[in-house]
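Colleague: Every position in the sequence shown, counted from 1, becomes a number in this note's numbering once 1 is added.
Please see the structure below; I have some questions.
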Amino acid sequence: MKSLYLATQNVHKVEELSALLGDHFHIHSISELHITEDIPETGLTLAENSMQKARFVAERFGVTCLADDSGLEVQALNGAPGVFSARYAGEPKNDQANCAKLLVEMNGIKNRQARFVTVLTFHENGQFFQFEGEVGGEIIHEMRGQEGFGYDPLFMPSVESRTFAEMSLSEKNKIAHRARALEKFKLFIDESLLFHDE
Ligand code: ITT
2 MKSLYLATQN
12 VHKVEELSAL
22 LGDHFHIHSI
32 SELHITEDIP
42 ETGLTLAENS
52 MQKARFVAER
62 FGVTCLADDS
72 GLEVQALNGA
82 PGVFSARYAG
92 EPKNDQANCA
102 KLLVEMNGIK
112 NRQARFVTVL
122 TFHENGQFFQ
132 FEGEVGGEII
142 HEMRGQEGFG
152 YDPLFMPSVE
162 SRTFAEMSLS
172 EKNKIAHRAR
182 ALEKFKLFID
192 ESLLFHDE
């Protein structure tokens, strides 16, 4: 089985991606490459940041790798926190503080519509490919649930009465943005010539 390095320091992403890709790849963490710092993300879009993270690992180590940049886009906040989702409440990154800030910003706002978006970047032999996934839903008025991470306790996907934080990993992975982007990636690798000479 081909090795794949996940270009992220976010343990929750590693858990979600590993659950969905474990039967396609032998998954590695970038700590095995002795990368211990956050990979820089200075772009203005999810696609730029996702590419930046994949290049960071690919250019240093030449390994097959997958990067993820994700964000929550709230309609009434003109797409915020968006590309700044991880540090919405400032440094250092803090999920609890981000959720608290979002609730304050949404105070009194009726339109609660939002979406999560993921852009994955896959690197193999100097080539880069991107895949996007999204899920629509709404921001509820108080945090609910203990599972997941980030804004999961505040996000209720459409046609659901539970937040992502009230779902198991496998339930979230059936409908979530990251899982949807991964479906496209898996279709790509299933059809790709890159993998047929192994
Ligand atoms: P890496 O850059 O190391 O991958 P990160 O946590 O900084 O880790 P991002 O830059 O992609 O990752 O920031 C995404 C932020 O968006 C993340 O910290 C959460 O606050 C939020 N987020 C992304 N996916 C999410 C999900 O599935 N559920 C809840 N919140 C999510």
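C-beta: ideal position from N, C-alpha, C; glycine also.
What did DSSP end up calling residue 176 once you bin it into helix, strand or coil?
Modeller: Within the sequence shown, residue 176 is the residue found at index 175, counting from 1. Of the three classes helix, strand and coil, the one that applies to residue 176 here is helix, per DSSP.
Colleague: Spatial neighbours of residue 153 within its chain, please: C-beta separation below 8 Å, excluding the five flanking residues on both sides.
Modeller: Here residue 153 refers to the residue found at position 152 of the sequence shown. The answer, listed in chain order, is 146, 164, 165, 166, 173.
Colleague: Do you know how far the Cα of residue 3 is from the Cα of residue 94?
Modeller: Counting from one through the sequence shown, the residue named residue 94 turns up at place 93. Counting from one through the sequence shown, the residue named residue 3 turns up at place 2. Going by the C-alpha atoms only, they are around 33 Å apart.
Colleague: Which term fits residue 134, buried or exposed, when burial requires 16 or more other beta carbons within 10 angstroms of its beta carbon?
Modeller: Residue 134 sits at position 133 when you count from the first residue of the sequence shown. The residue in question, residue 134, is buried, as its Cβ has 16 or more Cβ neighbours within 10 Å.
Colleague: Which residues share a DSSP beta bridge with residue 74?
Modeller: Within the sequence shown, numbered from 1, the residue matching residue 74 stands at position 73. Partner(s): 82, 116.
Colleague: Would you list the residues whose beta-carbon is nearer than 5 Å to any heavy atom of the ligand ITT, in the order they occur in the chain?
Modeller: Having a Cβ closer than 5 Å to some heavy atom of the ligand ITT are 9, 10, 11, 70, 71, 86, 87, 151, 152, 153.
Colleague: Taking the alpha carbon of residue 20 as the reference point, which residue from 190, 179, 185, 191 has its own alpha carbon closest?
Modeller: Taking the sequence shown and counting its residues from 1, one reaches residue 20 at position 19. Nearest option by C-alpha distance: 179.
Colleague: Taking the alpha-carbon positions, what's the residue 7 to residue 162 distance?
Modeller: If you number the sequence shown from 1, residue 7 lands on position 6. If you number the sequence shown from 1, residue 162 lands on position 161. Each residue's Cα considered, the two are about 32 Å apart.
Colleague: Quick one: measure Cβ to Cβ for residue 112 and residue 77, integer angstroms, because I've assumed they're closer than 8 Å.
Modeller: As a position in the sequence shown, residue 112 is number 111, starting the count at 1. As a position in the sequence shown, residue 77 is number 76, starting the count at 1. Yes, they are in contact, since the Cβ atoms of residue 112 and residue 77 sit about 4 Å apart, within 8 Å.
Colleague: Thinking just about the alpha-carbon of each residue, which of 139, 33, 51 is nearest to the one in residue 160?
Modeller: On the sequence shown, position 159 is the one that residue 160 refers to. Cα-wise, what sits closest to residue 160 is 139.
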